[in-house]
Amino acid sequence: MAFNVLVVDDSAVMRAMIVRTLQMTGVPLGEIHQAGNGQEALEVLKDQWVDLALVDINMPVMNGEELIERVRENPLIRDLSVIVVSTESSETRIERILNQGAEFVHKPFTAESLRETILQVTGVSDDQRASVGAPPGDDFDF
5 MAFNVLVVDD SAVMRAMIVR TLQMTGVPLG EIHQAGNGQE ALEVLKDQWV
55 DLALVDINMP VMNGEELIER VRENPLIRDL SVIVVSTESS ETRIERILNQ
105 GAEFVHKPFT AESLRETILQ VTGVSDDQRA SVGAPPGDDF DF
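Mapped onto my numbering, the consecutive letters of the sequence shown carry residue numbers 5 to 146.
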């Protein structure tokens, strides 16, 4: 059970850090796609099967909150697991995101915290978690 992942952030450096942290989680990964904003993410989602999206909030063209709204409106992808990865601190905004069925991980984050959130949102049971590799020992945060 490998997860195809879409990483959406307007910073190429942050996307690279998120991808690196993903690789450190021990979660089996399939294809990893990247997009620089919500509009680019929708284009990827038209052409690629994705199990999980890691999305920043504050981006140009289309922000993460708008992207989640568009995903939830589309019957073909409305069940996509979404984790918002952001420095956002507005409780009102975070609550809106959670109400749209996304989870929230604050930057900076560790590979272990990302792993646990991924397993939670993708519905991996406690029994199945044992078969999902543990992250490597060097756990630093981004």
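Beta carbons: idealized from backbone N, C-alpha and C, even for Gly.
Here the structure is a predicted model, which means the values were calculated and not measured.
Option in the options with minimal Cα separation from residue i
i           : options             : result
residue 66  : 14, 91, 121 and 123 : 14
residue 49  : 104, 103, 74 and 60 : 74
residue 87  : 42, 24, 60 and 38   : 60
residue 53  : 24, 83 and 69       : 83
residue 34  : 105, 68, 5 and 19   : 5
residue 115 : 9, 31 and 106       : 31
residue 106 : 95, 7, 28 and 76    : 76
Per-residue DSSP class, three states only, for residue i
i           : result
residue 10  : strand
residue 75  : helix
residue 106 : coil
residue 40  : coil
residue 98  : helix
residue 193 : Because the chain is modelled from 5 through 146, residue 193 falls outside the range shown and cannot be assessed.
residue 23  : helix
residue 122 : helix
residue 18  : helix
residue 33  : strand
Cβ separation of residue i and residue j, assumed to be a contact under 8 Å, to the nearest whole Å
i           : j          : result
residue 98  : residue 56 : With a Cβ gap of about 19 Å, residue 98 and residue 56 do not count as contacting.
residue 125 : residue 85 : 4 Å
residue 45  : residue 71 : 6 Å
residue 58  : residue 22 : 6 Å
residue 19  : residue 38 : 5 Å
Cβ pair residue i, residue j closer than 8 Å
i           : j           : result
residue 128 : residue 117 : no
residue 17  : residue 36  : no
residue 1   : residue 41  : Nothing in the structure corresponds to residue 1, since the chain is present only between 5 and 146.
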